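These notes are about the structure you will find just below.
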Ligand code: NAD
Ligand code: UFG
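In structure tokens, the structure reads:
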């Protein structure tokens, strides 16, 4: 029994490979390396002491996917592969719909042919839009996404829900991630963004290591305790472990289930800066800058369902994630290019 992991060489995927292998699961990984390094393979093997197939494959390539399903006995798919930069998606919407939505449809066609009907999908808290009150609960209205990236997640959720309605033999688990940060404690794998980071944590880490001069804090007039944006930062190792629980659940229960994966705690931009300074001992210079279009005041999860139904709970906090990010960043200032 093997689990196929699409996009398994990426940030969350590589950490999930480690947790799956460490739990004794067999995995097959595919990635087109559009946002990942093949070096991840050796690092994951070093951490776990286990080998696994890593196949260069684009999820839009149906013939190649069919070959992968024919060559391996796959029971379920954990589907991470996708493009994820919000700003880029506004400039290149067609590429995002093609890669994320089109790629998922091609993957589903190939799964169907192979008789594999269990999928765990990487969705995002972004599907809650800007109208819902925090904390976000799985049964709240979704949609109202403000960029093509977020809309791809919303569309794919609907496609997967329609699939289950049409064929109750399918088992779909939609995981709505909040803000994944941190790195494996070994410092061997972590987040390696291309170019200037869009997200807060990698930007802070690059300021700390001297690659960027200062952080811009996007707005201090939000309706939050200190005026800066509040998010639910979840350690990537906790998030990766959540996939083990979700995959086991999907393999035993048919239908479509939705889970928030977050900590349930809101942390502001200024609080994350302070946590990073304490964890690293490095001062992070910052300036207050205008708001970033599309940002909301606060986003954090109600995690009751994941805690009670999946039996999964985040164990690490923002300080742990800052410590592990710093360990990764200082050992790999240029990511996998070092
Ligand atoms: P990532 O870019 O590190 O990983 C995605 C991986 O998919 C990369 O290795 C990339 O090379 C691969 N990929 C992209 N398109 C592909 C294709 N057509 N065929 C095969 N491989 C392809 O991103 P991540 O942070 O690890 O995110 C994983 C998933 O989680 C994504 O679907 C992302 O949208 C979702 N997600 C991420 C966040 C976040 O903040 N990191 C939040 C919510 C949801
Ligand atoms: N921020 C700054 N300065 C920066 C970067 C970010 O102040 O240089 C602030 C933002 O304004 C926001 C907070 O830090 O208040 C977090 O921003 P991120 O860009 O790190 O994360 P977002 O919450 O905007 O978005 C992330 C992912 C999306 C995903 C969303 C919900 O990037 O893909 O979480 O899951 F959809």
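Numbering (the numbering used here), first residue to last: 131 to 468. We put the beta carbon where it would ideally sit given N, CA and C, even for glycine. Computed from a predicted structure; not experimentally measured.
Residue i: CB within 6 angstroms of a non-hydrogen atom of ligand 1
i, result
"residue 219", "no"
"residue 189", "yes"
"residue 166", "yes"
"residue 311", "no"
"residue 161", "yes"
"residue 431", "no"
Cα-Cα separation, residue i to residue j
i, j, result
"residue 263", "residue 178", "41 angstroms"
"residue 194", "residue 237", "10 angstroms"
"residue 250", "residue 325", "30 angstroms"
"residue 172", "residue 188", "21 angstroms"
"residue 226", "residue 256", "15 angstroms"
"residue 139", "residue 434", "30 angstroms"
"residue 281", "residue 275", "6 angstroms"
"residue 299", "residue 199", "19 angstroms"
For residue i, the first and last residue of its enclosing alpha helix (DSSP H)
i, result
"residue 220", "216 to 221"
"residue 378", "366 to 382"
"residue 172", "170 to 178"
"residue 280", "278 to 296"
Assumed close pair residue i, residue j - CB separation to whole angstroms, cut-off 8 angstroms
i, j, result
"residue 313", "residue 454", "5 angstroms"
"residue 234", "residue 286", "5 angstroms"
"residue 259", "residue 245", "Contact flag wrong, Cβ pair sits at about 36 angstroms."
"residue 305", "residue 391", "5 angstroms"
"residue 446", "residue 365", "4 angstroms"
"residue 160", "residue 142", "Rounded, the Cβ-Cβ distance is 15 angstroms, inconsistent with contact."
"residue 362", "residue 429", "6 angstroms"
"residue 322", "residue 456", "The Cβ separation is near 15 angstroms, so there is no contact."
Outcome for residue i when other beta-carbon atoms lying within 10 angstroms are tallied against a minimum of 16
i, result
"residue 149", "buried"
"residue 224", "exposed"
"residue 415", "exposed"
"residue 346", "exposed"
"residue 368", "buried"
"residue 423", "exposed"
"residue 473", "There is simply no residue 473 to check, as the chain begins at 131 and stops at 468 in what is shown."
"residue 382", "exposed"
"residue 131", "exposed"
Distance cut-off 6 angstroms: residue i Cβ against heavy atoms of ligand 2
i, result
"residue 434", "no"
"residue 254", "yes"
"residue 333", "yes"
"residue 359", "yes"
"residue 141", "no"
N- and C-terminal bounds of the beta strand (DSSP E) containing residue i
i, result
"residue 307", "301 to 307"
"residue 136", "132 to 136"
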